[in-house]
Amino acid sequence: MNSFTGIRFKKETAKRFQTFSRKYFKSHTEAMATMLDFFFYNEISPKEKLGPTGRTIEAKLLKRINAVIAIMRDVEKTQTKPTVAMIQSLFEMEEPAKKPLIVEKKYAEEKKDVRFREKKNQSNQL
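Using numbering that gives the first Met the number 0, the first residue of the sequence shown is number 0, and each one after it goes up by one.
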């Protein structure tokens with residue numbers, strides 16, 4: 000059996016370590032050894048910041064994604080839709096209005112429209 004050594008910690012720190020150790024490890028010794036190995040093998044100091052956390056990275060990504068979506072909607076409104084409408088109007092086939100044929104006067108039928116007619120009855124009927 001191994002011998003133990005007592006180390007003095009403040010109560011709050013000792014309780015935090017004990018709850019952490021019980022949650023993830025079988026013994027306090029194993030928890031402390033694993034933590035020391037982690038810092039030693041990764042060559043980092045416990046006082047260093049490792050960078051942004053997953054939550055902050057996710058929040059930044061969501062902001063950027065929302066900004067990209069807003070830009071795409073703006074481009075669609077101001078550029079894509081008007082351009083598509085203009086191109087569609089160019090390619091739409093409208094039948095040209097049919098113009099009457101030009102016919103020489105001698106072959107054309109002349110219609111004589113009567114502008115004024117005399118009354119047949121005196122009761123104002125045509």
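Each residue gets a CB set at the ideal place from its N, CA and C atoms; glycine is no exception. Note that the structure is predicted; figures quoted are calculated from it, not measured.
- [ ] Output yes or no for whether 8 Å exceeds the beta carbon distance between residue 45 and residue 38.
- [x] yes
Open item on the list: My assumption, with CB atoms under 8 Å, is that residue 30 sits in contact with residue 20. Please give the rounded CB distance.
Closed with: 4 Å
Open item on the list: If you reduce the DSSP assignment to three classes, tell me which class residue 77 lands in.
Closed with: helix
- [ ] Over the uninterrupted alpha helix (DSSP H) stretch that includes residue 20, give me the two end residues.
- [x] 10–23
Open item on the list: Need the endpoints of the alpha helix (DSSP H) that residue 3 sits in, please.
Closed with: Note, residue 3: premise wrong, no alpha helix (DSSP H); not H, not E.
TODO: Let me know the secondary structure DSSP gives residue 41 once reduced to three states.
DONE: coil
Task: Among 11, 27, 14, 47, nearest to residue 4 - alpha-carbon criterion - done: 27
- [ ] Classify residue 29 as helix, strand or coil using the three-state DSSP reduction.
- [x] helix
Open item on the list: So, at 6 Å on beta carbons, what are the nonlocal neighbours of residue 74 in its own chain, with the 5 sequence-adjacent residues on each side left out?
Closed with: none
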